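Student: Have a look at this one before I ask anything.
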Amino acid sequence: MSSNMQRQAVPLSQSERCIVGTGLERQTALDSGVSAIAEHEGKIIYTDPHKIILSSNGDTTISISIPLVIYQRSNKNTCMHQKPQVPRGKCIKKGQILADGAATVGGELALGKNVLVAYMPWEGYNSEDAVLISERLVYEDIYTSFHIRKYEIQTHVTSQGPERITKEIPHLEAHLLRNLDRNGVVMLGSWVETGYNSEDAVLISERLVYEDIYTSFHIRKYEIQTHVTSQGPERITKEIPHLEAHLLRNLDRNGVVMLGSWVETGGRGRVIDVRMDPEKGVPVIFGNDSCIISQKREIKVGDKVAGRHGNKGIISKILPRQDMPYLQDGTPVDMVFNPLGVPSRMNVGQIFECSLGLAGDLLKRHYRIAPFDERYEQEASRKLVFSELYEASKQTKNPWVFEPEYPGKSRIFDGRTGNPFEQPVLIGKSYILKLIHQVDDKIHGRSSGHYALVTQQPLRGRAKQGGQRVGEMEVWALEGFGVAHILQEMLTYKSDHIRARQEVLGATIIGGRVSNPEDAPESFRLLVRELRSLALELNHFLVSEKNFQINRKEA
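This is the structure we're talking about:
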């Protein structure tokens with residue numbers, strides 16, 4: 001489980017080496033291929049963020065240029081970026097690391113952050129593997145990552161004629177089109193958001209875009225394809241009738257979003273790349289256009305974090321740092337884990353890591369402990385942790401770091417009241433990762449959408465704009481509360497009653513009262529048809545509400 005979650009870790013804006021490691025971090029980073037490695041020995045004669053040039057065997061007439069990866073989108077929509085690690089004039093050997101990758105520091109794997117954690121319950125906010133965190137992790141960008149997303153658009157040929165991408169959109173004010181170039185494509189560096197709020201749009205230069213991405217991004221790619229239909233070829237254009245001008249402000253005259261525009265479609269971000277097919281610059285563009293938007297994401301409630309021992313959890317609450325429990329030297333903790341997540345799972349290695357991390361932080365040391373170290377000596381882990389804590393307590397002159405009555409634990413204080421907690425609490429530095437499972441990618445809502453062909457019920461799943469399933473037990477819960485009208489609309493209007501939802505649409509547009517559905521929903525009709533396929537006839541009748549007489553027989 002630990003290996004699986006390290007695979008899901010998101011590269012952070014500022015990577016950090018782990019205090020307690022296994023010794024395999026350097027080899028893992030080397031084998032991953034994310035770092036730039038010297039293939040020849042020589043001397044560095046030039047370096048910048050885009051490339052490193054070295055002379056071969058000290059001969060300045062023969063130079064080798066090594067290009068670096070700059071803000072590229074990964075398959076997980078995260079940001080891949082290499083940072084030079086060798087100064088100009090330095091002599092290097094073959095196999096030496098020249099530039100760190102997205103999640104490496106000094107050639108070592110660096111997926112997470114060393115944060116101060118406490119194992120204690122806190123008002124129920126960390127029950128069932130939930131995690132309580134301090135707002136410091138948000139404000140200081142401790143767990144901030146960048147995501148790069150690609151948006152693609154396809155032009156089609158419709159019954160009204162071919163589509164095209166253009167900036168010439170009637171009835172739009174000029175300021176709504178300020179992010180578009182002459183082709184109607186969004187310009188590089190534009191700040192774009194979802195929705196219709198034109199006041200939030202900010203236009204910046206290409207240089208600032210790259211500085212923003214440097215903090216760490218998730219990159220997403222959106223594609224659109226044009227087709228040739230029976231009515232003719234589709235095309236991408238900005239000339240869309242009946243649209244307000246501010247809705248098209250990020251498009252150039254070809255109807256493509258401009259580089260640098262700030263957009264929101266399920267997430268805000270900045271346009272960092274636009275690609276058109278065929279060539280750029282033609283007045284009317286047919287084919288596929290795409291723009292790439294970078295998005296900065298701080299950690300928030302609903303995001304998933306994990307340690308390296310299978311101790312994963314969801315952020316349940318972000319507390320002000322003054323309300324977090326604090327140590328005897330006044331330092332507030334960063335995360336609060338539930339102690340009940342340790343004994344039943346028997347992953348007590350996280351306890352050793354936590355305590356040894358505290359000692360390493362105070363002594364400014366890094367530890368590389370080989371797996372299965374207790375084969376060399378009995379109680380080797382416990383002896384190492386306690387001896388390091390004792391040394392840290394002596395060197396820092398803080399007796400609370402190692403107290404013989406409860407080694408590894410300390411008396412800490414409630415940030416809200418200032419009173420000490422009743423029992424000593426295990427505190428320390430753990431290496432915690434932020435995972436790719438983020439609430440921004442999972443949050444979903446549906447007003448209306450597509451329905452399944454057979455059952456006439458809403459589709460399921462976020463990708464299909466589906467609805468939330470109201471199952472058998474959810475119906476029991478609604479029945480238990482006696483909410484008759486909510487129960488009725490869940491099983492009819494919002495589900496598979498075709499005539500009822502048509503009447504709701506009409507009543508919403510025209511106004512008036514929504515009548516109660518009389519006939520059976522489609523799911524019941526489906527049951528009748530299934531039984532008829534088994535040669536069983538099932539008839540149902542509509543009964544009058546007034547005299548309980550049969551009005552008519554349903555077909």
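Note that the sequence shown ends on residue 555 in UniProt numbering; no numbers are left out.
Ideal placement from N, C-alpha and C gives every residue a C-beta, glycine not left out.
Treat the numbers as computed from the prediction; the structure is a model and nothing was measured.
Between the stretch 163–174 and the stretch 354–361, do three or more beta carbon pairs fall short of 8 angstroms?
Tutor: These segments do not touch.
Student: Along the chain, where does the beta strand (DSSP E) containing Gly313 start, and where does it finish?
Tutor: From DSSP, the beta strand (DSSP E) with Gly313 extends over 312–319.
Student: For the structure I just gave you, are there three or more beta carbon pairs, one from the stretch 311–319 and one from the stretch 381–392, closer than 8 angstroms?
Tutor: Short answer: they don't touch.
Student: So, is Leu453 buried or exposed, given that buried needs 16 or more other C-beta atoms within 10 angstroms?
Tutor: Exposed.
Student: Here's a check: name, in chain order, each residue in its chain whose Cβ is nearer than 6 angstroms to the Cβ of Glu239, leaving out the five neighbours to either side.
Tutor: So the list reads Thr166, Glu168, Ile169, once near-sequence residues are dropped.
Student: Which residue marks the beginning of the alpha helix (DSSP H) containing Thr144, and which one marks its end?
Tutor: Premise fails: Thr144 is in no alpha helix (DSSP H) and is neither H nor E.
Student: Please report the distance separating the alpha-carbon of Ile19 from that of Gly302.
Tutor: When rounded, the distance between both Cα atoms is 27 angstroms.
Student: Go ahead and label Asn516 buried or exposed: buried means 16 or more other beta carbons lie within 10 angstroms of its beta carbon, across all protein chains shown.
Tutor: By the neighbour-count rule (16 or more Cβ atoms within 10 Å), Asn516 is not buried but exposed.
Student: Does DSSP put Leu384 in a helix, in a strand, or in coil?
Tutor: It is helical.
Student: Need the endpoints of the alpha helix (DSSP H) that Met5 sits in, please.
Tutor: Unbroken alpha helix (DSSP H) run through Met5: 2–7.
Student: Which word fits Tyr326, buried or exposed, when buried means at least 16 other C-beta atoms lie within 10 angstroms of its C-beta?
Tutor: Result: buried.
Student: Just to confirm my understanding: we take Gly349, look at its own chain, exclude 5 residues before and 5 after, and list those with CB closer than 6 angstroms. What are they?
Tutor: Taken in chain order, the residues that qualify are His309.
Student: With 16 other CB atoms within 10 Å as the buried threshold, where does Asn338 fall?
Tutor: Buried: at least 16 other Cβ atoms inside 10 Å.
Student: Label Asp329 either buried or exposed according to how many other C-beta atoms from any shown protein chain fall within 10 Å of its C-beta, with 16 as the threshold for buried.
Tutor: By the neighbour-count rule (16 or more Cβ atoms within 10 Å), Asp329 is not buried but exposed.
Student: Spell out a yes or no on whether the stretch 120–139 and the stretch 64–71 are touching, meaning 3 or more CB-CB pairs, one atom from each, closer than 8 angstroms.
Tutor: The stretch 120–139, when compared against the stretch 64–71, does not touch it at the 8 angstroms Cβ threshold.
Student: Go ahead and label Leu111 buried or exposed: buried means 16 or more other beta carbons lie within 10 angstroms of its beta carbon, across all protein chains shown.
Tutor: Answer is buried; the Cβ neighbour count reaches 16.
Student: Does the stretch 93–113 come into contact with the stretch 31–39, if we say contact requires no fewer than three beta-carbon pairs (one atom in each stretch) closer than 8 angstroms?
Tutor: Yes: the two stretches touch, three or more of their Cβ pairs being nearer than 8 angstroms.
Student: Measure the Cβ-Cβ separation of Lys296 and Phe421 and say whether it is below 8 angstroms.
Tutor: No; because the gap between Cβ atoms is not below 8 angstroms, this pair is not in contact.
Student: Using DSSP's beta-bridge definition, name the partner residues of Trp191.
Tutor: In DSSP, Trp191 forms a bridge with Arg270.
Student: Could you check whether the stretch 440–457 touches the stretch 487–503, counting it as contact only if at least three pairs of C-beta atoms, one from each stretch, sit closer than 8 angstroms?
Tutor: Contact holds: three or more Cβ-Cβ distances are below 8 angstroms.
Student: Report the start-end ranges of each alpha helix (DSSP H) in the stretch 394–476 that is 4 residues or longer and not cut off at the edges.
Tutor: Those alpha helix (DSSP H) runs which fall completely within the stretch 394–476 and span 4+ residues are 439–442.
Student: Counting only the same chain and skipping the five closest in sequence on each side, list residues whose C-beta sits under 7 angstroms from that of Lys51.
Tutor: If we look at Lys51 and ignore the five residues flanking it on each side, its Cβ neighbours are Ser65, Ile66, Pro67, Leu68.
Student: Assign Gly107 to buried or exposed, taking buried as 16 or more other Cβ atoms, counted over all protein chains shown, within 10 Å of its Cβ.
Tutor: Classification of Gly107: buried, given that the 10 Å Cβ count is 16 or more.
Student: Assuming Ser190 and Asn183 make a contact with CB atoms under 8 angstroms, what is their CB distance in whole Å?
Tutor: With a Cβ gap of about 14 angstroms, Ser190 and Asn183 do not count as contacting.
Student: According to DSSP, which residues form a beta bridge with Asp252?
Tutor: DSSP lists Gly184 as partners of Asp252.
Student: Return helix, strand or coil for Leu132, following the three-state DSSP convention.
Tutor: Note: Leu132 maps to strand in three-state DSSP.
Student: Check for me: the alpha helix (DSSP H) holding Met490 runs from which residue to which?
Tutor: Note, Met490: alpha helix (DSSP H), 484–491.
Student: In three-state DSSP terms, what is residue 558?
Tutor: Only positions 1 to 555 of the chain appear in this structure, which leaves residue 558 out of reach.
Student: Measure the beta-carbon distance from Asp519 to Leu491 and round it to whole angstroms, keeping in mind my assumption that it falls under 8 angstroms.
Tutor: The pair is not a contact, with the Cβ atoms about 14 angstroms apart (cut-off 8 angstroms).
Student: Indicate whether the contact test is met: 3 or more Cβ pairs, each with one atom in the stretch 247–254 and one in the stretch 152–166, closer than 8 angstroms.
Tutor: Yes: the two stretches touch, three or more of their Cβ pairs being nearer than 8 angstroms.
Student: Going by beta carbon distance, what residues of the same chain come within less than 6 angstroms of His227, once the five residues before and after it are set aside?
Tutor: Result list for His227: His156, Glu234, in chain order.
Student: Taking the runs of the alpha helix (DSSP H) that are 4 residues or longer, which of them lie wholly in the stretch 17–103?
Tutor: As far as the stretch 17–103 is concerned, its whole alpha helix (DSSP H) runs of at least 4 residues are 25–32.
Student: Can you name, in chain order, every residue of its own chain whose Cβ lies under 6 angstroms from the Cβ of Thr229, other than the five neighbours on each side?
Tutor: The answer, listed in chain order, is Val157.
Student: So, for Pro399: in the same chain, excluding its five sequence neighbours on each side, which residues have a beta-carbon less than 7 angstroms away from its beta-carbon?
Tutor: Counting only Cβ-Cβ distances below 7 angstroms, and skipping sequence neighbours, we find Ser393.
Student: Tell me the DSSP secondary structure of Tyr119 in three-state form.
Tutor: Tyr119 falls in the strand class under three-state DSSP.
Student: Which of helix, strand or coil does DSSP assign to Ala520?
Tutor: Ala520: coil per DSSP, three-state reduction.
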